[in-house]
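Residue numbers (UniProt numbering): 1 to 208.
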């Protein structure tokens, strides 16, 4: 069989190297998936162990075990990894706090019904919403500066809909603007789980 000439072999080699480099470049420049909303297929997640409670399967929580970030883009977004921290009276912190700017939009993280409402004059939570999703998961939002106009207790809301605005009502103290966010997979009276591993967190946010 006739052997290819040196020129032909060089052409083949250059073509092969170019193909490999092209593949590597394509992989290196592939954009990461957009941050914001989770994938559509739900999967079971597990509750991490807490004091006196071993890890156990909870069932379906939001989409693909991920929860959309409950707040819009903000000049400040610092997430405190403080689920389970001890609070006054021996109680435990049942959510995470997201430090943000005053008036930042707060979103419904799932389609559901607003089943609980508190106002700044009546609770340590200040202005607060409780949202129950279609699968029974309960989400709690506290310390809002205000509720979104037109919303009332019992209203149905859609995922991504603005339901309120970041504030400092309740017990944070003046100027300590943040959103307190809780997740209760079994409903309002069920134990809370740490939201942090489930949230789809924007790249602009920090975690401390």
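Each residue gets a CB set at the ideal place from its N, CA and C atoms; glycine is no exception. Bear in mind that the values here come from a model prediction, so they are computed numbers and not experimental data.
DSSP, read as helix, strand or coil, puts residue 150 in coil. For residue 180, the enclosing beta strand (DSSP E) starts and ends at 178-184. Per DSSP, the beta-bridge partners of residue 162 are 107. Assignment of beta-bridge partners to residue 97 by DSSP yields 80 and 180. Contact check between the region 190-205 and the region 85-96: three or more CB pairs, one atom from each, fall below 8 Å, which counts as touching.
Here residue 112 is not near residue 143, since their CB atoms are 7 Å or more apart. Under the DSSP assignment, residue 170 falls outside any beta strand (DSSP E); it carries neither an H nor an E label. Listed in chain order, the non-local C-beta contacts of residue 104 below 7 Å within the same chain comprise 71, 72, 74, 165 and 166, local neighbours out to five positions each way being set aside. According to the DSSP assignment, residue 124 belongs to no beta strand (DSSP E), since it is labelled neither H nor E.
Restricting attention to 205, 186, 116 and 110, the CA atom closest to the CA of residue 160 is found in 110.
Classified as buried, residue 163 has 16 or more neighbouring CB atoms from the shown chains inside 10 Å of its CB. Per DSSP, residue 200 is not a residue of any beta strand (DSSP E), being assigned neither H nor E. Following the DSSP letters along the chain, one finds residue 114 inside the beta strand (DSSP E) bounded by residues 112-118. Counting the other CB atoms within 10 Å of its CB gives residue 208 a total below 16, which places it among the exposed residues. Rounded to whole angstroms, the separation of the alpha carbons of residue 96 and residue 151 is 24 Å.
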